[in-house]
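Chains as they are written, first to last, in our numbering: chain A, 1 to 492; chain B, 493 to 627.
Virtual Cβ for every residue (Gly too), placed ideally from N, Cα, C.
From a predicted model like this one, the values you see are computed outputs, not experimental measurements.
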Amino acid sequence: MRAKLIYKDIAPGADVDASVITSDAQSFCSPALLPFDTSVPPIITLEPNMWLLDGSFKLLRNQDIPFWSKQMSDENGVFSTPPVIEIEFDEQYTTFGIYLRFSPETGDYCTSVTIKWYQDATLLDSKNLTPTSVSYFCANKVTAFNKVVIFLNATNRPHRYARVENIIFGIIREFGADEFRSVTILQELDLISSELPISTLNWLLVSKSDIEYIFQLKQPVEAYSGSNLIGVFYISEAKRTGPNTYEITCEDALGVLDGYFFPAAIYSEYNAAQLLQDIASPDFDVEIDSVFEDVTVTGLIPDCTKREAFQQVLFAIGAACTTAGRAGIKVFAPPAENPAEIPDCRIYVGGSMETEPIVTAVRVTAHTYTPGTGSAGDEVIEVGGQKYVHKTFVVTVTNPNVTATDKQNVITVETATLVNPNNANEVAQRVYDYFMRRHTLNERIVVNGEQPGDYVITSTPWDTIVEGNIISMLTILSNTTASDIRIKAKGD
Amino acid sequence: MIEVIIDRTEADVLNRTPKGFYNATDLNRVGQNLQYLADVLRGYGYNVFVNPKTDWTITDTPSASDMERYLLDLNALKTAFYGTTPLPDSMNGLTYEDANNIERLLLEIERNISNMIPAFRHSGTFCSGQGGLIL
Numbered sequence: 001m002r003a004k005l006i007y008k009d010i011a012p013g014a015d016v017d018a019s020v021i022t023s024d025a026q027s028f029c030s031p032a033l034l035p036f037d038t039s040v041p042p043i044i045t046l047e048p049n050m051w052l053l054d055g056s057f058k059l060l061r062n063q064d065i066p067f068w069s070k071q072m073s074d075e076n077g078v079f080s081t082p083p084v085i086e087i088e089f090d091e092q093y094t095t096f097g098i099y100l101r102f103s104p105e106t107g108d109y110c111t112s113v114t115i116k117w118y119q120d121a122t123l124l125d126s127k128n129l130t131p132t133s134v135s136y137f138c139a140n141k142v143t144a145f146n147k148v149v150i151f152l153n154a155t156n157r158p159h160r161y162a163r164v165e166n167i168i169f170g171i172i173r174e175f176g177a178d179e180f181r182s183v184t185i186l187q188e189l190d191l192i193s194s195e196l197p198i199s200t201l202n203w204l205l206v207s208k209s210d211i212e213y214i215f216q217l218k219q220p221v222e223a224y225s226g227s228n229l230i231g232v233f234y235i236s237e238a239k240r241t242g243p244n245t246y247e248i249t250c251e252d253a254l255g256v257l258d259g260y261f262f263p264a265a266i267y268s269e270y271n272a273a274q275l276l277q278d279i280a281s282p283d284f285d286v287e288i289d290s291v292f293e294d295v296t297v298t299g300l301i302p303d304c305t306k307r308e309a310f311q312q313v314l315f316a317i318g319a320a321c322t323t324a325g326r327a328g329i330k331v332f333a334p335p336a337e338n339p340a341e342i343p344d345c346r347i348y349v350g351g352s353m354e355t356e357p358i359v360t361a362v363r364v365t366a367h368t369y370t371p372g373t374g375s376a377g378d379e380v381i382e383v384g385g386q387k388y389v390h391k392t393f394v395v396t397v398t399n400p401n402v403t404a405t406d407k408q409n410v411i412t413v414e415t416a417t418l419v420n421p422n423n424a425n426e427v428a429q430r431v432y433d434y435f436m437r438r439h440t441l442n443e444r445i446v447v448n449g450e451q452p453g454d455y456v457i458t459s460t461p462w463d464t465i466v467e468g469n470i471i472s473m474l475t476i477l478s479n480t481t482a483s484d485i486r487i488k489a490k491g492d
Numbered sequence: 493m494i495e496v497i498i499d500r501t502e503a504d505v506l507n508r509t510p511k512g513f514y515n516a517t518d519l520n521r522v523g524q525n526l527q528y529l530a531d532v533l534r535g536y537g538y539n540v541f542v543n544p545k546t547d548w549t550i551t552d553t554p555s556a557s558d559m560e561r562y563l564l565d566l567n568a569l570k571t572a573f574y575g576t577t578p579l580p581d582s583m584n585g586l587t588y589e590d591a592n593n594i595e596r597l598l599l600e601i602e603r604n605i606s607n608m609i610p611a612f613r614h615s616g617t618f619c620s621g622q623g624g625l626i627l
């Protein structure tokens, strides 16, 4: 399968920072969607020869339509007064150009566009463009702009509304295996979220073009094997090592969340799904397994990073999360039945099994936070200007099968501050059950859609059968995608 | 009745000929023919009332309720008189076959009306007292 990396050479944050201003859009349009990736289906209008009788056109209802002009172009496709879209930013951005997507579904586009870049009231640059297709990149490096004004002067067909679906500040570039080297993707998860590993993509670009790249932090890179999205990663470090050579390090959404502060707050029976969405927004969508829809959390999330806050919630509710195969984050209960088989024909020779020492007990500390100042000797914390008395107690689950010769090995969980008297026993048992899964199988497979978290059944090099969850995949991306996987085996 | 279009083909759609599209002129023609046939039928005592829009322009964007009304009127005509040509359930996803059927129905009704007229008994062809009882 053909491997590829899609690098979105865009101004990070420009989409959410953009304020779209226009008085030339039809009333049912949502111009605020323009910086985002919105696809508009074919919609029925009476513009001449628009409503094709192929069964694909739908009536206008509540579809997301970023921009259709109020005015219609004339018999030559020209607007007497060009529709104008103005985009303002709070911050200043530098890009190599602007990408416009008009209307791929209907084949309509603008054949004449003028773009002006401003820094406040100062005109930095202006371009008259003649797009020739439904997607068009205006290559023009402009530094430190905070306003863009786009004039749509003409359409490719007569008597048409100007349609624009997406405006991207930058360009999307695709690299095949002939341009990248040593692409290593490490995707990991923890089944009980006692850790929240950051998945990474490290790659070396040996560019065949003379374009000079300015890799910017948090720009997205999508990794594909054939048409399968392996994951979306965000640039965390880039180094130019030659005229056309760049070393790039990327992290997944959890790595991005690790760079944001999350302020302390006390929660009382707060919906966990909502809290996860709150933490990840506005940067990432969170898809949450329906089993967690009505689960609530109670306790404290201290000042921490967004990633740590995310972990607190996941650990308290017994969820895992992954960024594999998606742009956002998936929160789910790790499956433990109906394993998918990894047949011997996809397993490389070799492999090994690690076995952790016996855990003799698990001790989980539960926390309560009561408003007030308490009495002498109480631990009092302040959150959001409110004082709370913090009390703790410990729940212990002991391994009944420990023998006199086993070395004491106690797992302690003390700082999970959403563990409270109501869920402490359940959490302690979950942690205990997890650490009873002592065996981890390492093997290299030819990937066929497997992802971290999947429940699989496979054989060891010594022909025993192992059933368990994939907790790690190390993939060397090439046109044959093989991964070194780690399977946390079920049973002790 | 204005001449109908019932010969749209898949090739029209694939080659994007004018017949492969549904335009304001199509809606207006159907509306005018619908009104004409409803008027004719009412003249023969049929209880059919329709209110088709016949002034569509290229700047219009038909709403869901507009197109529901369009099909309701066609169905009203079909129900009040008689027709066998199927109509689409919705204008969503309209195909060239659906568009043909809409106008084929109008043509069918016009032909049925034409066939009905010669079968009418005209005044003076009945004779009173031919065996019937008059109380």
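Keeping to the same chain, check which residues put their C-beta closer than 8 Å to that of residue i; ignore five residues upstream and five downstream.
| i | result |
| --- | --- |
| residue 336 of chain A | 455, 469 and 490 |
| residue 254 of chain A | 196, 197, 198, 199, 307, 310, 321, 323 and 329 |
| residue 284 of chain A | 253, 256, 257, 327, 328 and 329 |
In chain B, which residues lie less than 8 Å from residue i when you measure between Cβ atoms?
| i | result |
| --- | --- |
| residue 55 of chain A | 585, 586 and 587 |
| residue 58 of chain A | 584 and 585 |
| residue 61 of chain A | 556 |
| residue 72 of chain A | 550 and 551 |
For residue i and residue j, what's the separation of their Cα atoms in angstroms?
| i | j | result |
| --- | --- | --- |
| residue 483 of chain A | residue 224 of chain A | 14 Å |
| residue 309 of chain A | residue 262 of chain A | 7 Å |
| residue 318 of chain A | residue 249 of chain A | 31 Å |
| residue 358 of chain A | residue 256 of chain A | 35 Å |
| residue 488 of chain A | residue 300 of chain A | 31 Å |
| residue 156 of chain A | residue 90 of chain A | 34 Å |
| residue 166 of chain A | residue 59 of chain A | 21 Å |
| residue 415 of chain A | residue 213 of chain A | 43 Å |
| residue 231 of chain A | residue 516 of chain B | 47 Å |
| residue 277 of chain A | residue 69 of chain A | 34 Å |
| residue 144 of chain A | residue 208 of chain A | 28 Å |
| residue 201 of chain A | residue 343 of chain A | 27 Å |
| residue 381 of chain A | residue 366 of chain A | 16 Å |
| residue 168 of chain A | residue 122 of chain A | 22 Å |
| residue 589 of chain B | residue 67 of chain A | 32 Å |
| residue 509 of chain B | residue 500 of chain B | 10 Å |
| residue 493 of chain A | residue 38 of chain A | Nothing can be reported for residue 493 of chain A: it is not among the residues displayed for chain A, which extend from 1 to 492. |
| residue 298 of chain A | residue 316 of chain A | 9 Å |
| residue 548 of chain B | residue 554 of chain B | 9 Å |
| residue 226 of chain A | residue 189 of chain A | 24 Å |
Got a sec? Which residues, its chain only, sit under 6 Å from residue i by beta carbon, not counting five neighbours each side?
| i | result |
| --- | --- |
| residue 183 of chain A | 203 and 477 |
| residue 56 of chain A | 42 |
| residue 86 of chain A | 21 and 149 |
| residue 175 of chain A | 5 |
For residue i, count neighbouring C-beta atoms within 10 Å of its own C-beta (all shown protein chains included) and say buried if the count is 16 or more, exposed if not.
| i | result |
| --- | --- |
| residue 153 of chain A | buried |
| residue 574 of chain B | exposed |
| residue 350 of chain A | exposed |
| residue 321 of chain A | buried |
| residue 267 of chain A | buried |
| residue 537 of chain B | exposed |
| residue 252 of chain A | buried |
| residue 73 of chain A | buried |
| residue 566 of chain B | buried |
| residue 451 of chain A | buried |
| residue 609 of chain B | exposed |
| residue 462 of chain A | exposed |
Give the residues of chain B in contact with residue i, contact being defined as C-beta atoms less than 7 Å apart.
| i | result |
| --- | --- |
| residue 45 of chain A | 553 |
| residue 436 of chain A | What residue 436 of chain A touches in chain B: nothing, since even the nearest Cβ is about 55 Å away. |
Can you pull the chain A neighbours of residue i, defined as C-beta to C-beta under 9 Å?
| i | result |
| --- | --- |
| residue 497 of chain B | The contacting residues do not exist; residue 497 of chain B stays about 11 Å from chain A at best. |
| residue 500 of chain B | 53 |
| residue 513 of chain B | 48, 49, 50, 51, 52 and 53 |
Which residues in chain A sit within 8 Å of residue i, going by Cβ to Cβ distance?
| i | result |
| --- | --- |
| residue 503 of chain B | Those within 8 Å of residue 503 of chain B in chain A number zero; the least Cβ separation is about 12 Å. |
| residue 549 of chain B | 46 |
| residue 523 of chain B | Residues of chain A passing the Cβ test: none, with the nearest at roughly 13 Å. |
| residue 510 of chain B | 49 |
What does residue i reach in chain B if we use C-beta pairs closer than 9 Å?
| i | result |
| --- | --- |
| residue 159 of chain A | 550 and 551 |
Could you pull out every residue in the same chain whose Cβ sits closer than 7 Å to the Cβ of residue i, ignoring the five residues on either side in sequence?
| i | result |
| --- | --- |
| residue 505 of chain B | 512 and 588 |
Which chain A residues are close to residue i, counting only those with a beta carbon under 7 Å from its beta carbon?
| i | result |
| --- | --- |
| residue 559 of chain B | 59 |
Subject >> Segments of 3+ residues assigned as beta strand (DSSP E) that fall wholly inside the stretch 151-232 of chain A >> reply: 161-164, 166-168, 170-176, 180-188, 200-206 and 220-225
Subject >> Sequence ranges, alpha helix (DSSP H) only - wholly within the stretch 1-31 of chain A, length at least 4 >> reply: 14-17
Subject >> Start-end ranges of the alpha helix (DSSP H) lying completely within the stretch 527-593 of chain B, minimum 4 residues >> reply: 556-572
Subject >> Secondary structure, alpha helix (DSSP H): runs of 4+ residues fully inside the stretch 285-351 of chain A >> reply: 306-317
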